[in-house]
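Student:
In UniProt numbering, the protein residues as written are 1 to 215.
#1: Please report how far the alpha carbon of residue 55 lies from the alpha carbon of residue 36, in whole angstroms.
#2: Relative to the alpha-carbon of residue 157, which residue among 7, 57, 49 and 45 has its alpha-carbon at the smallest distance?
#3: List the endpoints of the continuous beta strand (DSSP E) containing residue 82.
#4: Is residue 181 helix, strand or coil by DSSP?
#5: Starting from the C-beta of residue 159, find all residues in its chain whose C-beta is less than 6 Å away, skip the five residues before and the five after it, and write them out in chain order.
#6: Per the contact definition of three or more C-beta pairs closer than 8 Å, is the segment 81 to 98 in contact with the segment 13 to 23?
#7: Measure the Cβ-Cβ separation of residue 141 and residue 103 and say whether it is below 8 Å.
#8: How do the segment 122 to 132 and the segment 60 to 79 stand: do at least 3 beta-carbon pairs fall below 8 Å, yes or no?
#9: For the alpha helix (DSSP H) that contains residue 33, what are its first and last residues?
#10: Could you tell me the distance, in whole angstroms, from the CA atom of residue 134 to the CA atom of residue 155?
#11: Report the residue ranges of all beta strand (DSSP E) runs contained in full by the segment 158 to 202; include only those spanning at least 3 residues, in chain order.
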């Protein structure tokens with residue numbers, strides 16, 4: 001038997017925090033689909049470096065180009081404004097041990113804050129765009145702004161697509177599977193899976209990848 005969830009909000013779903021279903025669709029916690037966690041870095045208008053701990057994205061392309069597709073960037077944020085103004089951004093992948101430092105940049109993200117200092121990150125300059133990058137990242141993608149689209153039309157979030165212009169990979173991560181997967185590799189966000197029977201909220205999970213099979 002399958003549990004059927006439609007577009008109308010399930011009235012038995014209980015929020016994990018008061019504004020949860022003002023921010024997110026109920027389909028997010030119905031599906032609980034994991035996606036990579038990473039830091040988007042940009043310059044604020046006042047010249048301070050900005051760090052946005054983000055997920056809800058995918059990375060793909062064809063032989064002509066490779067794209068970072070950030071599907072759920074809030075339009076009221078510094079990051080969104082910075083990307084529109086600067087026409088570029090960097091995507092920085094860090095391992096699980098940096099999770100708490102990245103969370104600090106969420107709690108201290110005012111206009112005057114140097115969010116690299118907040119997280120204790122070493123700031124470096126991108127090679128192909130005008131953006132700061134996190135030296136501790138094992139993989140950084142430098143992107144120019146390709147397109148922006150308000151998918152829902154509600155003026156809340158936007159899909160931001162960046163064209164990857166340059167990649168920097170830490171040498172220790174440069175050989176095959178190596179360190180990119182497991183505790184020292186990619187972090188994933190598992191959106192808090194709702195109990196679809198009782199409506200009880202869940203907690204979001206932070207996961208790493210274990211390769212089970214080679215194809």
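We put the CB at the ideal spot given by N, CA and C, even for glycine.
Tutor: Looking at the atomic coordinates:
#1: 6 Å
#2: 57
#3: That residue, residue 82, is in no beta strand (DSSP E); its alpha helix (DSSP H) goes 78 to 86.
#4: coil
#5: 71, 149 and 151
#6: no
#7: no
#8: no
#9: No alpha helix (DSSP H) contains residue 33, which DSSP labels as neither H nor E.
#10: 30 Å
#11: 187 to 190
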